[in-house]
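One structure below.
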Amino acid sequence: MRNLQLAEIFDRVADMLEIKGENSFKVRAYRKVVLTLESLPEDIERIYESGRLRKIPGVGEGIAKKIEELLETGKLESYEELKKSLPVGLVEMLLVPDVGPKTAKLLYEKIGVKSIDELEKAARAGSVRGLEGMGEKTEENILRGIELLRRRTGRMLLGTAYQLSQSIIDRLRRMDEVERITTAGSIRRMKETIGDIDILVTSLKPKPVMDVFVNLPGVTQVLAHGDTKSSVIMENQVQVDVRVVKSESFGAALQYFTGSKEHNIKLRELAGKKGLKISEYGVFSVKNGKRIGGKEEEEVYAGVGLPCMAPELREDRGEIEAALNGKLPELIEPGDIKGDLHVHSSWSDGVDTIPEIVESAKKLGYSYVAICDHSESLKVAGGLEKERKLTQIAEIRKLNEKMSGFRILAGAEVDIKGDGTLDYDDEVLEKLDIVVAAIHTGFKQDMEIMTARIIKAMQNKFTNVIAHPTGRLIQMREAYEVDMERVIEAAGATGTMLELNSFPDRLDLNDVHCREAKEKGVMISLGTDCHNRVQLGAMRYGVGTARRGWLEKKDVINCLGLKDLM
Numbered sequence: 002m003r004n005l006q007l008a009e010i011f012d013r014v015a016d017m018l019e020i021k022g023e024n025s026f027k028v029r030a031y032r033k034v035v036l037t038l039e040s041l042p043e044d045i046e047r048i049y050e051s052g053r054l055r056k057i058p059g060v061g062e063g064i065a066k067k068i069e070e071l072l073e074t075g076k077l078e079s080y081e082e083l084k085k086s087l088p089v090g091l092v093e094m095l096l097v098p099d100v101g102p103k104t105a106k107l108l109y110e111k112i113g114v115k116s117i118d119e120l121e122k123a124a125r126a127g128s129v130r131g132l133e134g135m136g137e138k139t140e141e142n143i144l145r146g147i148e149l150l151r152r153r154t155g156r157m158l159l160g161t162a163y164q165l166s167q168s169i170i171d172r173l174r175r176m177d178e179v180e181r182i183t184t185a186g187s188i189r190r191m192k193e194t195i196g197d198i199d200i201l202v203t204s205l206k207p208k209p210v211m212d213v214f215v216n217l218p219g220v221t222q223v224l225a226h227g228d229t230k231s232s233v234i235m236e237n238q239v240q241v242d243v244r245v246v247k248s249e250s251f252g253a254a255l256q257y258f259t260g261s262k263e264h265n266i267k268l269r270e271l272a273g274k275k276g277l278k279i280s281e282y283g284v285f286s287v288k289n290g291k292r293i294g295g296k297e298e299e300e301v302y303a304g305v306g307l308p309c310m311a312p313e314l315r316e317d318r319g320e321i322e323a324a325l326n327g328k329l330p331e332l333i334e335p336g337d338i339k340g341d342l343h344v345h346s347s348w349s350d351g352v353d354t355i356p357e358i359v360e361s362a363k364k365l366g367y368s369y370v371a372i373c374d375h376s377e378s379l380k381v382a383g384g385l386e387k388e389r390k391l392t393q394i395a396e397i398r399k400l401n402e403k404m405s406g407f408r409i410l411a412g413a414e415v416d417i418k419g420d421g422t423l424d425y426d427d428e429v430l431e432k433l434d435i436v437v438a439a440i441h442t443g444f445k446q447d448m449e450i451m452t453a454r455i456i457k458a459m460q461n462k463f464t465n466v467i468a469h470p471t472g473r474l475i476q477m478r479e480a481y482e483v484d485m486e487r488v489i490e491a492a493g494a495t496g497t498m499l500e501l502n503s504f505p506d507r508l509d510l511n512d513v514h515c516r517e518a519k520e521k522g523v524m525i526s527l528g529t530d531c532h533n534r535v536q537l538g539a540m541r542y543g544v545g546t547a548r549r550g551w552l553e554k555k556d557v558i559n560c561l562g563l564k565d566l567m
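The numbering used here numbers the first residue of the sequence shown as 2 and each following residue consecutively.
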C-alpha cells in the first residue's frame, strides 16, 4: 500500500506540472516513477532501509531524494507548494474526456473554472465556446464527457472486455469489405482491467464497415461516425473505437495503438538515434523521408534492429533492453497448456458433474483436469466432509479406470485455517493427487500473521499449491495484507507451487509477482477456479497474465505431460 500511496502523490505532481506547462521531460520522469512504484514487487520502505533506493531502474537522484523525504517526513514539500498554487478541483478536471492540461489551464485562467461542477455549469451556460479554439461542439463534448465520467464505474475486467471485443470483431469480420481486423490497446497486452476498446481494420470500402459498427446491438450512443474512425458507447458504458487504416500502415498502426505509451516512447527514442521516425503510418528515414516499413509489426521493430516483441511484454519493464541483448523470454503459449489444475464440480459449489467437466476438457485438447472441490470448513460453498471426500476420491479412481489418454486428478481446495493448519487430516491428504491450499477466512489479519499462516501451510508435506495467494477480487476486494516476497521465498524453499488463478476477477498471482516467482525459481500452477465448464475458457486470461510476467513453458507446471506432472 505504501508503494501505491507514493505513486498516487507522484501522479498528482505530474498532473499539476503538466497544467502549469512545466518541461515535458520533468513530467515524464514523474510518470515513470509512478509506473515503477506500482509495479514494484517489494515494499519501497524495505528497499529504502536496505540502501537500495537508487538501484531501482528509472529512479534518479532527484526522485530518490523525494521518495526519502516522503518516507522520512510523511510529506513532500514541493507537492504541498504545488497544491497551494492550483485549485484541487482543477486536477480532477483532467478525468473528463477531451479536457487535457492545456484546456484545463485555459478554462481556469480565462473564465475561472476550477472544478468539474464549475466546468459543467460553464458549458451549459455557453461560456466555453467563446474561448480560443473552442466552440459549441467543444461544449457538447465536455458535457458528454462529464456525463460519461459520472455514469461509468471505471475500468472493465479483462474477461468482459475481451469477450465484447471478440463479438464485435466476429461480426465485422464477416463483411466482405473487411480485409484485416484485430484488437489493439490494453486488451491486446492482456492487462487485467481495460479502459476503452480499440479495434483496427483495413478496408478499401470503410463506409459500410462503419455503418454496421455504429448500428451494432448494444450501442447506446454514437460519439463519432466517420470513414476512418468511429466511436460508440455500449450499454455497459464502455467506449469502443474502430479505426480504418491503410494496408501499408497496418503494422505500424497496430504497434502504435497497442502501446504501452511508455514502451512506444522508448522505441521511438531508439529510432531517433538511428535517424528514423516511427509513427502510426510507418517507419521513415528522417534524412530523406523514405519509407522503411510499416505493413507488418515486425517491420517496425526490425527497423530499429529488434525482434518483434509479444504485446504482453510491452510495458517498458526491461523488454527493449532484453531484446537488444538477445534475452527475450520464449513466452508460454495457449497451446502449451496440457490441463487445468483447479476446477470445481457439482460435488461442492460447481454446476457440472465430473464426467461433463472431463468431456469439455478433452475438447480443449487437455490430457488431465484436477477436480478441487472445497474442504469441509467452507460450508457456504458446499465443502465436503471427510467421508464424502473419500467417497469422491474413490469415484474419481473408478472413472479413471474407464479412460485412456486422459486422467482426472483427485484434488481438493483445502482451507488454510487461522493457525496455518489444513482443513483435512493426513488420512485424506495423502490420498489426493493434488492439494491446493487456500485462504477463505480471516482476511483482516495483519501482515505478519497472514504471512506466517500461509508459510505454515506450505510447510505441510502434502501441500502442492497455494491458490489465489493474495485473495484479491479485482474492483471488488483488495488483497489481504501479506508479504509476498517472503511467501515466494518460502515457496522456493518448500517446493510449493503458487497458483496463477485464471478467473478474470482474480488473476492472482498478478504479473509482477509471477515474474518475481520466476526469478526465484518457483513453479506456477494455472487453474481457472471454474464452477461451470464453460469457464474452462478463462485459461486464456491466466496465460495472458503469465506472459505479462515473462513466464515460459519451464515455469508453468501445466505445460508438463501427464507422466511428468504426476
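Note that the Cβ used here is the ideal one computed from N, Cα and C, for glycine as well.
Within 8 Å, strictly: CB atoms of V239 and D171: No, Cβ-Cβ distance for V239 and D171 is not below 8 Å.
Closest residue to S368 among E78, E320, M459, L561 (Cα-Cα distance): Out of E78, E320, M459, L561, L561 has the C-alpha closest to the C-alpha of S368.
Contact between the region 302-318 and the region 271-278 (3+ Cβ pairs under 8 Å): Using a C-beta cut-off of 8 Å, the region 302-318 makes contact with the region 271-278, since at least three inter-stretch Cβ pairs fall below that distance.
When E249, T104, N265, E263 are compared against R292, the one with the closest alpha-carbon: For R292, the nearest C-alpha among the options comes from E249.
Secondary structure of Y367, DSSP reduced to three states: Coil.
Buried or exposed (CB count within 10 angstroms, at least 16 for buried), E313: Result: buried.
Collapsed DSSP secondary structure at R292 in the structure displayed: R292 falls in the strand class under three-state DSSP.
Boundaries of the alpha helix (DSSP H) in which S526 is found, first to last residue: That residue, S526, is in no alpha helix (DSSP H); its beta strand (DSSP E) goes 525-528.
Beta-carbon proximity of V344 to C531, cut-off 8 Å: In contact: V344 and C531 (Cβ atoms closer than 8 Å).
Buried versus exposed call for D506 [16 or more other C-beta atoms within 10 Å across all chains shown]: Counting other Cβ atoms within 10 Å of its Cβ, D506 reaches 16 or more and is therefore classed as buried.
In DSSP terms, what I372 is bridged to: I372 pairs with V344, A411.
Entirely enclosed beta strand (DSSP E) segments - the region 82-162, minimum 3 residues: Within the region 82-162, no beta strand (DSSP E) run of at least 3 residues lies entirely inside it.
Where G283 falls, given that 16 or more other Cβ within 10 Å makes a residue buried: G283 should be labelled buried.
Segments assigned beta strand (DSSP E), at least 3 residues, entirely inside the region 298-363: List check, beta strand (DSSP E) in window: 340-344.
T495 - DSSP class collapsed to helix/strand/coil: Assigned with DSSP and collapsed to three states, T495 falls in helix.
Whether E46 touches N511 by CB criterion (8 Å): Annotated as distal: E46 and N511, with beta-carbon spacing of 8 Å or more.
Spatial distance of L566 from F258 (CA atoms): Between L566 and F258, the alpha-carbon positions lie close to 40 Å from each other.
N-terminal and C-terminal residue of the beta strand (DSSP E) that K230 is part of: That run of the beta strand (DSSP E) goes 230-235.
Touching by the beta-carbon criterion (3+ pairs, under 8 Å), the region 423-430 and the region 374-386: At 8 Å Cβ cutoff, the stretches touch.
DSSP three-state assignment for Q286, whether helix, strand or coil: First, the amino acid is wrong: residue 286 is Ser here, not Gln. Three-state result, S286: strand.
Cβ contact check for the region 518-530 and the region 330-348: 3 or more pairs under 8 Å: With a cut-off of 8 Å, the region 330-348 and the region 518-530 count as touching, because enough Cβ pairs lie within range.
Inter-residue spacing [alpha-carbon to alpha-carbon] between T452 and T471: Taking the straight line from one Cα to the other gives about 10 Å.
Inter-residue spacing [alpha-carbon to alpha-carbon] between S261 and H226: So the two alpha carbons sit approximately 26 Å from each other.
C-alpha distance - P209 paired with I234, whole-angstrom precision: Each residue's Cα considered, the two are about 19 Å apart.
Reference E1, options V97, K138, L501, V14, closest by Cα: Lying before the first or after the last residue shown, residue 1 is absent from the chain, which here runs from 2 to 567.
Nearest neighbour of F407, chosen from D434, V436, A413, G366 [CA to CA]: Of the candidates D434, V436, A413, G366, the residue whose Cα lies closest to the Cα of F407 is G366.
Counted within 10 angstroms of its Cβ, other Cβ atoms place F444 as buried (16 or more) or exposed: The residue is exposed, with fewer than 16 neighbouring Cβ atoms inside 10 Å.
Reference K66, options F11, G22, D16, M94, closest by Cα: For the residues F11, G22, D16, M94, the minimum Cα distance to K66 belongs to F11.
Host beta strand (DSSP E) of S280 (start-end): Per DSSP, S280 belongs to the beta strand (DSSP E) from 277-280.
Inter-residue Cα distance where the pair is I112 and I64: Each residue's alpha carbon lies about 35 Å from the other.
Contact check, V466 vs I435, beta carbons under 8 Å: It is a contact, given that the beta carbons lie within the stated cut-off.
First through last residue of the beta strand (DSSP E) which encompasses L201: Element bounds for L201: 198-203.
Nearest-angstrom Cβ-Cβ length linking R244 and L205, presumed shorter than 8 Å: About 15 Å separates the beta carbons of R244 and L205, which is beyond the 8 Å limit, so they are not a contact pair.
Under the three-state DSSP convention, the category K66 falls into: Residue state, collapsed to three classes: helix.
Buried or exposed (CB count within 10 angstroms, at least 16 for buried), A123: Under a 10 Å Cβ-count criterion, A123 is classified as buried, with 16 or more other Cβ atoms of the shown protein chains found around its own Cβ.
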